[in-house]
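One structure is given here, and the rest of the page talks about it.
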Amino acid sequence: MASVMNGAAAMHLADLSDSKAVKQVPTRNGFGEGVAEAGKRNRNVIAICADLSESTRMLGFKEALPAQYIEIGVSEQLLVAMAAGLASAGKIPFIASYAMFNPGRSWEQVRTTMALNETNVKIAGAHAGVSVGPDGATHQAIEDIAIMRCIPHMTVVVPCDSIQTKKATLAVAEMNGPVYLRFGREKSPIITSEETPFELGKAQIFREGTDVAIIACGILVYNALIAAESLAKRGVQCLVMNNHTIKPMDEHAVVGAAAKCGAVVTVEEHQIFGGMGSRVAEILAHERPTPIEFVGVHDRFGQSGDPAELIEYYGMGSNSIEEAVLRALARKS
Amino acid sequence: MATLSPQRLRELKLHANSVRQGIIRSLLAAGSGHSAGPLDMADVFTVLYQHVLRHKPEDPEWDDRDRLLLSCGHIAPVRYSAMAYGGYFPVEELLTLRKFGTRLQGHPERVRLPAVETTSGPLGEGLAQGTGMALAAKMDNRSWRVYVVTSDAEHQCGLHWEAAMTAAKFKLDNLIAIVDRNLIQIDGCTEDVMPLEPFADKYRSFNWEVLECDGNDIAQFADTIEKAKTVKGKPTVIIAHTVPGKGVRYMEGDYTWHGKPPNQQQADQALAELEAQREELLASG
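Protein chains in written order, with the working numbering: chain A, 555 to 887; chain B, 142 to 426.
Structure below.
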């Protein structure tokens, strides 16, 4: 995948040319490393967990910083409201559970005690997306971006790999205000490197192109890059953007990509209603009307299965992205 | 020994009378809002602001202040009135209640009025936030306390009990919950809508210290809260038995006054009654 390196050298991306050699690490690992590091840097950073310390990767924090760790059992509404109280008294709480329960179960507490109340709480939503796999639909959060991005004051971040998740965790610990940080369970390709820059609210061009702009977030950024590489062989040059901050979105970058390419495909492991792609559409409808195709889950629930087969089945594999690019291309005027 | 001297008790009774008059005036000006709960908690809020709290009205965000949380945000008029008569802001500001641009929102907002500590209204959330604050104080070895005023009906919310369980786990003896046990909610009597009894036993089984008192008896409430402050190793709840609408005879005990304000004629009648009570108190001195 030489063109990736040539087109976006400033991003210091990993070498993805041999898919079998690509390192695979769950994004949750990056969260675990990041939150422990944040806790060491600032003793006011605390971690609160609702009975899922191992699987949300808060365990490292718990073992390294027991005095800053709070276990509250299976009570996700409390997780949010109690954290808001701790934040009111100067703490910087990271609260972790599965995205389906946190913020899935606690939306009103998030709105009232975190956002309206302007408290410095960071939600860590683990196991997001259908790629949770065998656990099935009850545990596959694919509506969480929508319910978080509609809340005033909320920052919403969906990093693309484990390395970026660590950087994002450290970055949100430094900023003041409520945050939703989303990540997944399964191993996923390492796209970036330690040298790759990361700035909240600043989208990243991972591949240059002029025919169609693929705007992606989360672990599907990798699939977008694979699709773009395949399309390049057929003469279609795609720009690939890692749009990791859903809110506040980098409107300048989104409009710029649309202007450059004249057609857009959005890619996210989420319902196509209300997610990252919807925000892109809102921006472009206002700033620069552009044909858009949406890759994501189309108004359905997930089910049990192997993560890769679920990604394929629900239309988020690289082949589906390629097809969406060709549809978008055909709509260009 | 009684916490309050006879003279101080009389002062606080007069103060509570002012707080009640402030409630009626602000509700009349607002044209909407809740009457029964604010009136029945006027004595509790008077004691809290005038006797219990370590606070500085002129510096509401003083770091060492005790935190007073109002979980049942709908009774905000009593808090606002007690704050106004306690020196936090001019009494005339009470007439801006629920109006555009006011700091005195229909349900309290911390960002607009920091001294209220939390944004509240959606029920069942105050104890959870108070638990977080009390735990933060413990973690940092701070001496301030957390007081959380709750309604009885919000004990029907699951989140409240999640917080109760957690406060006991962390032995938060710097946390005192005060329940306005007035037995009413919007749809009727709590025991008809969703029975809460045996109420005290519920808290005991959650490993809380339980104290009960007449929430409309200033001396008794002051004594009870002093006792609560001596409890070690666990949180304390004070179940304050109150009469909804206390101080205004036509409202007392009538659940239909839970969620509506008086009209002009009703307000005039209420204020006349309260003024008569005031005269009586003054004459007794």
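A virtual CB, placed ideally from N, CA and C, is assigned to each residue, including glycine. Quick caveat, the model's predicted, so the values are computed rather than measured.
Taking CB atoms only, G639(A) has a neighbour in chain B less than 7 Å away. At a cut-off of 7 Å between C-beta atoms, K801(A) does not count as an interface residue with respect to chain B.
Taking I837(A) as the centre and dropping the five residues before and after it, the same chain places the C-beta of M803, E805, V808 and V809 closer than 7 Å to its C-beta, in chain order.
Going by beta carbons, M612(A) and A621(A) fall outside the 7 Å limit. I677(A): member of the beta strand (DSSP E) spanning K676 to A680, first to last residue.
For a Cβ distance threshold of 7 Å, residue set A269, L300, E303, A304 and T307 of chain B lies close to L632(A), ordered along the chain.
With contact defined as three or more Cβ pairs closer than 8 Å, the segment 808–828 of chain A and the segment 783–790 of chain A are not in contact. Within the same chain, and ignoring the five residues on either side of E749(A) in sequence, the residues whose Cβ sits closer than 7 Å to its Cβ are H566. A Cβ-Cβ contact shorter than 7 Å links M182(B) with D321(B). The shortest CA-to-CA distance from K720(A) to any of R736(A), T709(A), N797(A) and R665(A) is the one to R736(A). With contact defined as three or more Cβ pairs closer than 8 Å, the segment 690–709 of chain A and the segment 728–735 of chain A are in contact. Contact between D205(B) and W285(B) holds: CB atoms are separated by about 6 Å, below the 8 Å threshold. The three-state reading of DSSP puts H824(A) in strand, counting E and B together. A Cβ-Cβ distance of about 6 Å is found for the pair V372(B) and D314(B), placing them in contact under the 8 Å criterion. Close to T666(A), with beta-carbon spacing below 7 Å, are these residues of chain B in chain order: T260, P263 and E266. Looking from the CA of D281(B), the closest CA among N656(A), S573(A) and A641(A) belongs to A641(A).
For V599(A), the enclosing beta strand (DSSP E) covers residues V599 to C603. Inclusion of I626(A) and A653(A) in the CB contact set at 7 Å is not warranted, their separation being larger than that value. Each residue's CA atom was taken as its position, placing V675(A) and F648(A) some 6 Å apart.
In chain order, N158 place their CB closer than 6 Å to the CB of R419(B), counting only its own chain and leaving out the 5 sequence neighbours on each side.
Here L155(B) carries a helix assignment [DSSP, helix/strand/coil]. Annotation: the segment 252–290 of chain B contains the following complete segments of the alpha helix (DSSP H) (minimum length 4 residues), in chain order: 267–280. Under the DSSP definition of a beta bridge, A695(A) partners with A682(A). Counting only unbroken stretches of 4 or more residues, the alpha helix (DSSP H) elements lying wholly within the segment 150–207 of chain B are 177–181 and 183–188, in sequence order. With fewer than 16 other CB atoms across the displayed protein chains lying within 10 angstroms of its CB, L423(B) is exposed.
Taking a C-beta cut-off of 7 Å against chain B, none of the residues of the segment 589–619 of chain A qualify.
Taken through DSSP and simplified to helix, strand or coil, F230(B) comes out as coil. With three or more CB-CB distances shorter than 8 Å, the segment 863–880 of chain A counts as touching the segment 677–693 of chain A. With fewer than 16 other Cβ atoms inside 10 Å of its own Cβ, S573(A) counts as exposed. Burial state of P179(B) is buried, judged by a 10 Å Cβ sphere holding 16 or more other Cβ atoms.
Minimum Cα-Cα distance from N348(B) among the listed residues P336(B), L324(B) and K310(B) corresponds to K310(B). Inside the segment 772–850 of chain A, DSSP marks whole alpha helix (DSSP H) runs of 4 or more residues at positions 774–787, 805–815 and 830–841, from first to last along the chain. Between the alpha carbons of H175(B) and F655(A) lies a gap of roughly 34 Å. The Cβ atoms of L268(B) and A304(B) lie closer than 7 Å to each other.
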